[in-house]
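To convert, take the position in the sequence shown, counting from 1, and add 150; that gives the working numbering.
One structure is given here, and the rest of the page talks about it.
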Amino acid sequence: MTMAIHINDDAKSYIARNGNTIYFDDYPTIGTCVGDIKFPPSVKVGIPREPSKFEATKIDGITVYLPKDVQYNRNLTIKLKKSLGKYQLVIDGWKYV
Numbered sequence: 151m152t153m154a155i156h157i158n159d160d161a162k163s164y165i166a167r168n169g170n171t172i173y174f175d176d177y178p179t180i181g182t183c184v185g186d187i188k189f190p191p192s193v194k195v196g197i198p199r200e201p202s203k204f205e206a207t208k209i210d211g212i213t214v215y216l217p218k219d220v221q222y223n224r225n226l227t228i229k230l231k232k233s234l235g236k237y238q239l240v241i242d243g244w245k246y247v
């Protein structure tokens with residue numbers, strides 16, 4: 151199984167209003183005695199600072215920059231979350247361990 155990324159309708163509208171390009175940024179991994187904990191990356195609007203470290207792909211007309219070194223084989227959904235009046239793109243379906 152390879153990674154499949156879906157973008158829900160609210161997130162698509164938000165991304166379209168903000169340049170129609172997103173990227174996955176900073177996905178830290180912390181080693182513990184029982185295994186690694188992989189935190190989900192943040193999803194940012196725009197082009198990454200170092201595009202050469204990313205692979206660009208199109209999903210529903212949206213350009214998505216994925217880190218070249220990401221190894222993940224699970225379906226993910228990008229959703230729009232509103233907290234304290236501020237909108238944020240988040241990943242649903244991330245497996246921490």
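C-beta: ideal position from N, C-alpha, C; glycine also.
Bridge pairing for Ser233: Lys236 [DSSP].
Exposure of Leu234 is indicated by the presence of fewer than 16 other C-beta atoms within 10 angstroms of its C-beta. The residue from Ala206, Arg199, Tyr164 and Asn225 with its alpha-carbon nearest to that of Gln238 is Tyr164.
Ala166: member of the alpha helix (DSSP H) spanning Asp159 to Arg167, first to last residue. The DSSP-derived three-state label of Pro178 is coil.
Beyond the five residues adjoining it in sequence on each side, Asn170 comes within less than 6 Å, by CB distance, of Ile212 in the same chain, given in chain order.
Excluding the 5 residues flanking it on each side, Asp242 has same chain C-beta neighbours closer than 6 Å at Thr227 and Lys229, in chain order.
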